[in-house]
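In what follows, a structure is listed as structure tokens, so that the remarks can point back to it.
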Amino acid sequence: DYTEAMLKSFLTLADVMPTGYHAARVANVQKGDKVVVIGDGAVGQCAVIAAKMRGASQIVLMSRHEDRQKMALESGATAVVAERGEEGIAKVREILGGGADAALECVGTEVAVEQALGVLHNGGRMGFVGVPHYENRAIGSTFGQNTTIGGGPASVTTYDKQVLLKAVLDGDINPGRVFTTSYKLEDINQAYKDMDERKTIKAMIMIE
Numbered sequence: 001d002y003t004e005a006m007l008k009s010f011l012t013l014a015d016v017m018p019t020g021y022h023a024a025r026v027a028n029v030q031k032g033d034k035v036v037v038i039g040d041g042a043v044g045q046c047a048v049i050a051a052k053m054r055g056a057s058q059i060v061l062m063s064r065h066e067d068r069q070k071m072a073l074e075s076g077a078t079a080v081v082a083e084r085g086e087e088g089i090a091k092v093r094e095i096l097g098g099g100a101d102a103a104l105e106c107v108g109t110e111v112a113v114e115q116a117l118g119v120l121h122n123g124g125r126m127g128f129v130g131v132p133h134y135e136n137r138a139i140g141s142t143f144g145q146n147t148t149i150g151g152g153p154a155s156v157t158t159y160d161k162q163v164l165l166k167a168v169l170d171g172d173i174n175p176g177r178v179f180t181t182s183y184k185l186e187d188i189n190q191a192y193k194d195m196d197e198r199k200t201i202k203a204m205i206m207i208e
């Protein structure tokens, strides 16, 4: 029999955990890397887990929400930065002693992309998995910095079979922690409302 915590982790393997892992993989996060995660929702939390799995030495989460900061720190983040814009970029660079090797963009806004690109050192790598909420964005600004950019939808079944399912079964990772509140099916509208208002990270719908 599986524990409730493990069942929750299995559910994340259908979406958010492979997506977070995809960000780390396409950014080629390697042992010893300094990594910044932009986005503190379920995918961002899983990106923190993925960065740790791949051996990152420092993981900075950009987050303004105390409960999400706490979860990320428990999952392997080494620091959190609440500031945004140029102030946030400067704070990250101060913590890392320079720019990041990799930035994992898990939001999907142009502002988040700018933040991700801004924290990288020359030759840095960005993995973006936030579904874009913008139409067009020129990448010419990244040319002089030799930035590598990759992203898109995750290869869910491939990652699950190769890496993630075993990691959950072995107890190495616990991504199911992103399900912070459970709801009955008739309360599904409230579940969406609570996620939208940042009252819960990921809602679990229970069908009896």
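Going letter by letter, the sequence shown gives residues 1 to 208 in the UniProt record's numbering.
Think of the CB as a built atom: it goes at the ideal place given N, C-alpha and C, for glycine as much as any other residue.
Can the beta-carbon of Gly-151 be found less than 7 angstroms from the beta-carbon of Gly-118?
-> Locating residue 151 in the sequence shown gives position 151, where the first residue counts as 1. Locating residue 118 in the sequence shown gives position 118, where the first residue counts as 1. No. Outside cutoff.
In terms of DSSP beta bridges, what is Val-36 paired with?
-> The residue given as residue 36 occupies position 36 in the sequence shown. Answer is Val-60, Ala-103.
So, is Thr-207 buried or exposed, given that buried needs 16 or more other C-beta atoms within 10 angstroms?
-> Counting from one through the sequence shown, the residue named residue 207 turns up at place 207. Checking the sequence shown, residue 207 turns out to be Ile, not Thr. Ile-207 comes out exposed.
In angstroms with no decimal places, state the Cα-to-Cα distance between Gln-115 and Cys-106.
-> If you number the sequence shown from 1, residue 115 lands on position 115. If you number the sequence shown from 1, residue 106 lands on position 106. Computed Cα separation, rounded: 11 angstroms.
Give a yes or no on whether the C-beta atoms belonging to Ala-50 and Asp-33 are separated by under 7 angstroms.
-> On the sequence shown, position 50 is the one that residue 50 refers to. On the sequence shown, position 33 is the one that residue 33 refers to. The answer is no: Cβ separation not under 7 angstroms.
Determine which residues share a DSSP beta bridge with Tyr-183 and list them.
-> One-based indexing of the sequence shown puts residue 183 at position 183. DSSP lists Ile-205 as partners of Tyr-183.
Would you kindly work out how many angstroms separate the C-alpha atoms of Ser-182 and Pro-175, rounded to a whole number?
-> Residue mapping note: residue 182 aligns to position 182 of the sequence shown, counting from 1. Residue mapping note: residue 175 aligns to position 175 of the sequence shown, counting from 1. Roughly 16 angstroms between the two C-alpha positions.
Is the Cβ of Pro-18 closer than 7 angstroms to any Cβ of chain C?
-> Absence of chain C from the displayed structure is noted, only one protein chain being present.
Could you tell me the boundaries of the beta strand (DSSP E) in which Ala-79 lies?
-> Position 79 of the sequence shown holds residue 79. 79-81 is the extent of the beta strand (DSSP E) around Ala-79.
His-133 - containing alpha helix (DSSP H), residue span = In the sequence shown, the residue the question calls residue 133 occupies position 133. Going by DSSP, His-133 is part of no alpha helix (DSSP H) at all; its letter is neither H nor E.
Give a yes or no on contact between the region 95-104 and the region 68-77, applying the rule of three or more CB pairs nearer than 8 angstroms.
-> no
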